[in-house]
Amino acid sequence: MKEILLSDNLSVKKLENGLTVMLQELRYSPVAAVCLAYRAGPLWETSSTRGLSHFCEHMMFKGSAKFGPGAYWQMIQRNGGTANAYTSRDITVYYSTVPKAGLSDILALEADRMQNCRMTVEDVKSETGVILKEALLTDRDDPAGTLDSLL
């Protein structure tokens, strides 16, 4: 594991499995933030996989092997935190902020859902409809979105 120290409290580690971890410790902060960024988005998709990154972003909130449907949001609420995700042209990002005491909960949940995402037929149908509506609204209301989808 190679570590690069960028400042007194910010380091980057490349794990043996290829995952890059950036860690910034702010001991005075009462909260912990987790941000997972993947090189996934329309830039990396082909015509046959168009929309897959955005679809997967939505499905990550449907549960996993250890954590059932709704468990993610229940854990965030139980810890008084916030969370969201987005897919842009070349990256898909998942982020959450919770009080420090909830950090181990967030890390356990993220580790499981990123490896064992639950996808039922019902969830796939439901999210496909949601994503199609989002795409229509984005392309129609946002010239940049229209341009992005054409590129």
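Numbering-wise (this note's numbering), the sequence shown opens with residue 1428 and increments by one.
Every residue, glycine too, gets a C-beta built ideally from N, C-alpha and C.
The structure displayed is predicted, hence computed values, not measured ones.
Spatial neighbours of residue 1532 in its own chain (CB-CB distance under 7 Å, excluding positions within 5 residues in sequence) are listed in chain order as 1502 and 1506.
If you check the CB distance, residue 1539 and residue 1492 come in under 8 Å. Contact between the segment 1506-1523 and the segment 1459-1466 is present: three or more C-beta pairs spanning the two stretches fall below 8 Å. The three-state secondary structure of residue 1555, taken from DSSP, is helix.
CA-to-CA, the gap between residue 1457 and residue 1526 works out to about 6 Å.
Within the DSSP bridge table, the entry for residue 1512 names 1521 as partners. DSSP lists 1522 as the beta-bridge partner residues of residue 1462.
Residue 1482: member of the alpha helix (DSSP H) spanning 1479-1486, first to last residue. Between the C-alpha atoms of residue 1499 and residue 1441 there is a straight-line separation of about 27 Å. Just so you know, the alpha carbons of residue 1546 and residue 1557 end up roughly 15 Å apart.
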